[in-house]
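Below is one structure, written out as structure tokens; the observations come after it.
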Amino acid sequence: MKIFLDTANLESIRKYNDMGLLDGITTNPSLMSKEGGNPKDAMKEITKIIQGDVSLEVVSTKYAGMMEEGTRLREYGDNVVVKVPMTPDGLKACKSLSSEGIPVNVTLIFSPNQALLAAKSGAKYVSPFIGRLDDIGHDGIHLIKEIKEIFSNYNFTTEILVASVRHPMHVVDAAKIGADVVTLPPAVLDKMLQHPLTKIGLDNFLADWEKLKAGNPNIKI
Ligand code: G3P
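Here the sequence shown stands for residues 0 to 220, numbered as in numbering that gives the first Met the number 0.
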């Protein structure tokens, strides 16, 4: 399963990229707004740091505007994936951009039928938002199971990019289903790295090493 980071924060992107964990990045207007500054600078920098796919989102709601913005966004790098909303205009732009060889991520997917239609339009990725479904009492992970089954039935090559991930168990569940990608807020990725027994174990190893050193002050690894 590929791991993308769901952020426009350069420090987080560099941190996890240096650990070799990132296959790509997803951004959206809310994440850009959270960082402030000029989003163009952030987009340019992110596409330079990351080799893999970087989703940059259009803000036009009409087909013509989406096409213009999509074409401009691609100037930031060959690794740019144009993110469009799951609307009739978004699907039309998805079809046109995909036909031109520009990869598209269709976002704001909340039902299996929306995912099916986005795949039919030629999307490289569909982004189902599982946390927002959980928030309103639905089952986000169940949506991933349904999309996976549908895409497998028809051998769609569109990848399931699990978004709106809120906690590490979402990641385990998505991986068990065989989702292609999860996009993670930095806080979720950080929690995945940690386990209390790892910390306790390391503290014990280091304490025991200090004991050994007490009897052999010049000892080194
Ligand atoms: O890519 C954006 C998506 O992951 C939204 O997450 O937490 O705002 O529902 P959230």
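Heads up, the beta-carbon is just placed ideally off N, CA and C, and yes, glycines get one too.
Given the structure is predicted, the values throughout are model-derived calculations rather than measurements.
Closest residue to residue 66 among 46, 49, 47 and 93 (Cα-Cα distance)
For the purposes of this step, residue 66 is taken as the residue at position 67 of the sequence shown. It is 93.
- Item | Sequence-distant residues of its chain with Cβ nearer than 6 Å to residue 155 (five each side left out) | Stepping through the sequence shown from its first residue, residue 155 is reached at position 156. So the qualifying residues of the chain are 118.
| request: Tell me, to the nearest whole angstrom, how far the beta carbon of residue 181 is from that of residue 0; I am working on the premise that it is less than 8 Å. | output: The residue labelled residue 181 in the question sits at position 182 within the sequence shown. The residue labelled residue 0 in the question sits at position 1 within the sequence shown. With a Cβ gap of about 6 Å, residue 181 and residue 0 count as contacting.
Please classify residue 174: is it buried, with 16 or more other beta-carbons within 10 angstroms of its beta-carbon, or exposed? In the sequence shown, residue 174 corresponds to position 175, counting from 1. Per the 10 Å Cβ criterion, exposed.
Practice item. My understanding is that residue 159 touches residue 178, with C-beta atoms under 8 Å, so please give their C-beta distance in whole angstroms. Key: Taking the sequence shown and counting its residues from 1, one reaches residue 159 at position 160. Taking the sequence shown and counting its residues from 1, one reaches residue 178 at position 179. Confirmed, about 5 Å.
_Measuring only from the beta carbon, is residue 25 closer than 6 Å to any heavy atom that is part of the ligand G3P?_
In the sequence shown, counting from the first residue as 1, residue 25 sits at position 26. True, at least one ligand heavy atom lies under 6 Å from that Cβ.
Exercise for the section: Quickly, what does DSSP pair residue 104 with across the bridge? List them, please. Expected result: For the purposes of this step, residue 104 is identified with residue 105 of the sequence shown, where counting begins at 1. Paired residues: 82 and 124.
Q. In its own chain, which residues sit with a C-beta less than 6 Å from the C-beta of residue 51, not counting the 5 before and 5 after it?
A. Locating residue 51 in the sequence shown gives position 52, where the first residue counts as 1. Contacts found: 22 and 23.
If residue 59 and residue 80 are in contact, beta carbons under 8 Å, what's the gap, nearest whole angstrom?
Position 60 of the sequence shown, counted from the first residue, corresponds to residue 59. Position 81 of the sequence shown, counted from the first residue, corresponds to residue 80. 17 Å between Cβ atoms; not a contact.
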